[in-house]
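Asker:
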Amino acid sequence: MKIDLSGKTALVTGSTSGIGHAAAKGLAAAGAEVVVNGRAQAKVDAAVAAIGKVVPGAKVRGVAADVSTAAGCKALVAAQGEVDILINNAGIFEPKAFFEIPDEDWSRFFDVNVMSGVRLSRAYFPGMLKRNWGRIVFISSESALNIPKEMIHYGTTKTAQLAVSRGLAEMTKGTAVTVNSVLPGPTMSEGVETFIKDIAKHNGVSVEQATRQFFQQQRPTSLLQRFATVEEIANMVVYVASKEAAATNGAALRAEGGIIQTIA
Numbered sequence: 028m029k030i031d032l033s034g035k036t037a038l039v040t041g042s043t044s045g046i047g048h049a050a051a052k053g054l055a056a057a058g059a060e061v062v063v064n065g066r067a068q069a070k071v072d073a074a075v076a077a078i079g080k081v082v083p084g085a086k087v088r089g090v091a092a093d094v095s096t097a098a099g100c101k102a103l104v105a106a107q108g109e110v111d112i113l114i115n116n117a118g119i120f121e122p123k124a125f126f127e128i129p130d131e132d133w134s135r136f137f138d139v140n141v142m143s144g145v146r147l148s149r150a151y152f153p154g155m156l157k158r159n160w161g162r163i164v165f166i167s168s169e170s171a172l173n174i175p176k177e178m179i180h181y182g183t184t185k186t187a188q189l190a191v192s193r194g195l196a197e198m199t200k201g202t203a204v205t206v207n208s209v210l211p212g213p214t215m216s217e218g219v220e221t222f223i224k225d226i227a228k229h230n231g232v233s234v235e236q237a238t239r240q241f242f243q244q245q246r247p248t249s250l251l252q253r254f255a256t257v258e259e260i261a262n263m264v265v266y267v268a269s270k271e272a273a274a275t276n277g278a279a280l281r282a283e284g285g286i287i288q289t290i291a
């Protein structure tokens, strides 16, 4: 299968690092014109340059905007009026005991993880329907189905993404527009790398030992028994954004290493 996204414009939120950056790189390699997004202009510029170095002839530019706010989403849409592919990737996570999570954290997590995708979908979805082609992809998590007790607020927002994604998919009936979610499992992004290093330091063990302990204690059902790479998740994102994925709609696509012990 050769995925060709020439002539398509893709916006990936939160794409200066991690899964978002890998997805932006993968989409650019498939021929799409890619818009990189992040909050800081310097990081956006660096991400654009990095993709240009590894993808010869890449059509990529950046827009700095904080999509956790309504004003930031509005600024992003003003800078990029139409897209064919929207990857709602911007997200945050933070382990914290339920009784220590204040209302402000709940609101912050919903603003970043849920409302960014809601606002941008509301802006770009009508154009996709009018042109009768488009892809919206929400980067959710296996935590949407296996709510982690150490960060219930995070898991709840990831479940909400699945609800939004499926609801929007219902609005595409009879069109060539699709809306799907991708559910990564534990993935070695920059944030997770810091998380594991902090655990290793706190427990006085090596990073390798901390990783083994994480999967033994926190994700014992993982069949992969390691962190996925950001590129492995990006491969799924690029596929579901492609023309070849036309029959995949309203789906929650798992790339979580077999953690979820169900057959559906």
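All residue numbers for the sequence shown refer to this note's numbering, where the first residue is 28 and numbers rise by one.
We put the beta carbon where it would ideally sit given N, CA and C, even for glycine.
No experiment lies behind these values; they were computed from the predicted model shown.
1) Nearest by alpha-carbon distance to V206: which of A272, F136 and E258 is it?
2) For S167 and V265, what's the separation of their Cα atoms in angstroms?
3) Leaving out five residues before and five after Y151 in sequence, what residues of the same chain have Cβ atoms less than 8 Å from its Cβ?
4) If you drop the 5 nearest sequence neighbours on each side, which residues of the same chain put their C-beta closer than 7 Å to that of M178?
5) Specify, as a first and last residue, the run of the alpha helix (DSSP H) that A98 falls within.
6) Alpha carbon to alpha carbon, how far is A261 from A91? Give it in angstroms, no decimals.
7) Hey, is I286 close to the ligand ADP, as in C-beta under 7 Å from one of its heavy atoms?
8) Using a Cβ-Cβ cut-off of 6 Å (strictly less than) and excluding sequence neighbours within five positions of A50, which residues of its own chain qualify?
9) Between which two residues does the beta strand (DSSP E) harbouring P122 extend?
10) From this set, L195, G84 and P211, which residue's C-alpha is nearest K185's C-alpha?
11) With a 10 Å radius around its C-beta and 16 neighbouring C-beta atoms as the bar for buried, classify G182 as buried or exposed.
12) I'd like the list of long-range same chain contacts for G47, defined as Cβ closer than 6 Å, with 5 residues on each side in sequence excluded.
13) What residues in its chain sit with their C-beta under 7 Å from that of G45, if we drop five residues either side in the sequence?
14) Can you give me the start and stop residues for the beta strand (DSSP E) that T205 sits inside?
15) Confirm, please, whether the CB-CB distance from L147 to V94 is below 8 Å.
16) Considering only the beta carbon of each residue, do L32 and A74 sit closer than 8 Å?
17) With a threshold of 6 Å on Cβ separation, who are the neighbours of I226 within its own chain once the five nearest residues in sequence on each side are excluded?
18) Residues in the same chain with beta-carbon distance under 8 Å from E197, minus the five sequence neighbours each way, listed in chain order, please.
19) Provide the residue span of the beta strand (DSSP E) that contains V139, from first to last.
20) Classify L280 as helix, strand or coil using the three-state DSSP reduction.
21) Would you mind listing the beta strand (DSSP E) stretches within the stretch 154-204 that are 3+ residues and don't spill past its ends, in chain order?
22) So, helix, strand or coil for A91, using DSSP?
23) With DSSP as the reference, label E109 as helix, strand or coil.
24) Between which two residues does the beta strand (DSSP E) carrying T214 extend?
25) Kindly indicate which three-state DSSP category I226 falls into: helix, strand or coil?
26) By how many angstroms is the C-alpha of K86 removed from the C-alpha of D72?
27) Do V204 and L280 have their C-beta atoms closer together than 8 Å?
Answerer: With the given structure in hand:
1) A272
2) 15 Å
3) L38, V104, E109, V110, L113, G161 and I163
4) F120, E121, P122 and K123
5) A97 to A106
6) 22 Å
7) Summarising the ligand content, the structure contains no ligands, and the ligand ADP is consequently not present.
8) V39, I114, A261 and V264
9) No beta strand (DSSP E) contains P122, which DSSP labels as neither H nor E.
10) P211
11) buried
12) V39, G41 and N116
13) S216, E217, G218 and V257
14) V204 to P211
15) yes
16) no
17) A237
18) G277
19) It is not in any beta strand (DSSP E) - V139 carries neither H nor E in the DSSP assignment.
20) strand
21) 161-166
22) strand
23) coil
24) Here T214 belongs to no beta strand (DSSP E), and DSSP marks it neither H nor E.
25) helix
26) 14 Å
27) no
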